[in-house]
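Residue numbers (the UniProt record's numbering), protein chains in the order written: chain P, 1 to 108; chain D, 1 to 295.
C-beta: ideal position from N, C-alpha, C; glycine also.
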Amino acid sequence: MGSRGGAKVLQLSRASRMRTKLQTALEASVLEIEDVSHQHAGHAAMRANANNKDGETHFNLKVVSPKFEGQSLVKRHRMVYDALADELQSGLHALSIVAKTPQEIGPK
Amino acid sequence: MATIIQLSPIHTPSLRIFSSHSSQNTPSLSFYLPAKALTFPSISLKPYTTAKPRALVVTSAVKSLSETELVPVPAEADEIAGKLPADTGVYAVFDQNGELQFVGLSRNIAASVLTHRKSLPELCYSVKVGVVDEPDRAVLTQSWKSWMEEHIKATGKVPPGNESGNATWVRQPPRKKPDLRLTPGRHVQLTVPLEELIDRLVKENKVVAFIKGSRSAPLCGFSQRVVGILENQGVDYESVDVLDEEYNSGLRETLKKYSNWPTFPQIFVNGELLGGCDILTSMQEKGELAGVFKK
């Protein structure tokens with residue numbers, strides 16, 4: 001993977017692909033992506049899959065999007081998962097998602 | 001502090017071996033060992049002993065039993081929060097007639113009382129609680145002892161639940177349900193599609209958690225947290241190990257499609273996907289879970 005970009009391998013990291021996809025799909029006003037794969041390096045499912053050696057399997061996400069307005073948590077998470085469907089197909093294993101609307105974080 | 005005192009006697013003997021002549025400071029330290037050993041393990045519950053004035057005056061960390069306010073025990077788990085502290089301390093349980101039934105100590109008074117309320121609703125009508133700020137075991141034991149002694153002194157009786165041999169109030173080890181299996185085995189041809197088995201399972205059971213690993217030994221941190229939250233809520237739930245290739249072969253892929261949810265764990269309530277670990281956690285933090293499980 002990542003042969004297209006040649007020298008610009010970093011540009012093709014899963015994290016940056018995720019950023020683009022989420023930004024496009026959800027018009028997020030806040031988008032934090034944190035790779036926490038190392039915390040899960042030892043766990044059973046990860047050891048079983050050799051493709052996951054190079055990490056980028058577990059992420060913490062914080063997304064603030066006006067599109068979450070009026071949506072249940074399940075729906076919000078589904079919207080995130082839908083945007084990242086390809087990644088989930090190709091080795092992205094788990095996301096920890098905080099999905100909020102601009103209003104919900106407003107008072108801060 | 002107590003741990004330091006406990007440790008020092010261990011060190012002193014070796015010191016004494018090397019310098020037996022300079023033993024001036026060691027006796028005072030090693031003196032703690034027998035004194036301490038006498039203090040708490042040997043509380044006798046026989047009424048006779050109470051006539052004896054309390055020789056070891058350790059100021060109790062809690063108010064006396066009679067001074068403590070009696071609080072009715074709420075019937076529902078979600079009402080207990082706020083009414084009873086989830087702190088370390090002692091508690092005295094009274095039945096409907098105001099008879100003291102049991103004095104216990106706990107690291108989480110609210111949880112312990114809730115457990116009693118569930119297993120012994122008729123005996124667990126109201127409680128008195130005394131929070132012990134000092135988390136030290138000796139202080140806790142002392143508080144328990146002071147309540148016991150006060151009651152014995154006043155009535156001449158040991159609370160029935162505290163009589164030796166009475167196991168009514170002893171916490172039963174939580175019986176862990178076995179995880180559910182969807183199929184009889186990998187090599188058995190299914191007559192019903194897996195998808196339909198999932199559908200039936202989540203609709204016939206109020207709460208189902210699809211987790212990685214078994215409920216007694218979850219293999220992933222998120223599944224572990226989910227099990228913890230469900231146990232904490234006292235929810236009667238079914239669990240299914242999605243990593244069990246023998247009895248749940250193919251479940252992961254099928255379930256992902258069934259629920260339109262790409263990750264595990266997944267929690268279903270009344271046939272509907274409630275969400276994964278994040279959603280369960282966030283609902284717990286907002287105090288929304290009890291309502292969901294009650295319906």
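Nearest to residue i (by Cα), restricted to the options the options
i	options	result
N162(D)	A154(D), K145(D), P178(D)	K145(D)
D244(D)	Q233(D), Y237(D), L182(D), E134(D)	L182(D)
E34(P)	L84(P), E56(P), E69(P), L22(P)	E56(P)
H187(D)	L273(D), G234(D), L197(D), S249(D)	S249(D)
G98(D)	E122(D), G82(D), L105(D), V113(D)	E122(D)
D241(D)	V235(D), T68(D), R252(D)	R252(D)
D82(P)	T20(P), A25(P), S16(P)	A25(P)
V103(D)	E76(D), K118(D), T168(D), P74(D)	T168(D)
R64(D)	L180(D), L274(D), W147(D)	For clarity, residue 64(D) is Ser in the given sequence; the question names Arg instead. Closest option to S64(D), Cα to Cα, is W147(D).
In DSSP terms, what residue i is bridged to
i	result
L255(D)	Answer is none; L255(D) lacks a bridge partner.
S126(D)	P72(D), F94(D)
G213(D)	P218(D)
N60(P)	E34(P), S96(P)
E67(D)	E67(D) is not bridged to any residue.
I267(D)	A209(D), G275(D)
L180(D)	V240(D)
7 Å Cβ cutoff, residue i in contact with chain P
i	result
residue 296(D)	Nothing in the structure corresponds to residue 296(D), since chain D is present only between 1 and 295.
T281(D)	no
D278(D)	yes
P262(D)	yes
CB contact check: residue i to chain D, cutoff 7 Å
i	result
I97(P)	yes
L73(P)	yes
L31(P)	no
L22(P)	no
A94(P)	yes
L88(P)	yes
Length of the line joining the Cα atoms of residue i and residue j
i	j	result
L201(D)	P184(D)	15 Å
A86(D)	R215(D)	25 Å
S42(D)	Q142(D)	With a pLDDT of only 41 at S42(D), under 50, the local geometry of the prediction cannot be trusted, and no value is derived from it.
S29(P)	G287(D)	28 Å
P159(D)	K75(P)	53 Å
I80(D)	N108(D)	12 Å
L31(P)	K206(D)	36 Å
Y247(D)	V292(D)	30 Å
Y237(D)	K294(D)	12 Å
V90(D)	S66(D)	14 Å
L22(P)	S90(P)	17 Å
M283(D)	K153(D)	47 Å
R14(P)	H93(P)	12 Å
R17(P)	G106(P)	28 Å
T68(D)	K177(D)	39 Å
V139(D)	V129(D)	15 Å
residue 305(D)	E272(D)	The question about residue 305(D) has no answer, for chain D in this structure spans 1 to 295.
Under 8 Å from the C-beta of residue i: neighbouring residues of chain A
i	result
P218(D)	No chain A appears in this structure, whose protein chains are P and D.
Quick check: the segment 254 to 261 of chain D against the segment 220 to 231 of chain D, are there 3 or more CB pairs under 8 Å? no
Check whether the segment 186 to 197 of chain D touches the segment 121 to 135 of chain D, taking contact to mean three or more Cβ pairs, one atom from each stretch, closer than 8 Å. no
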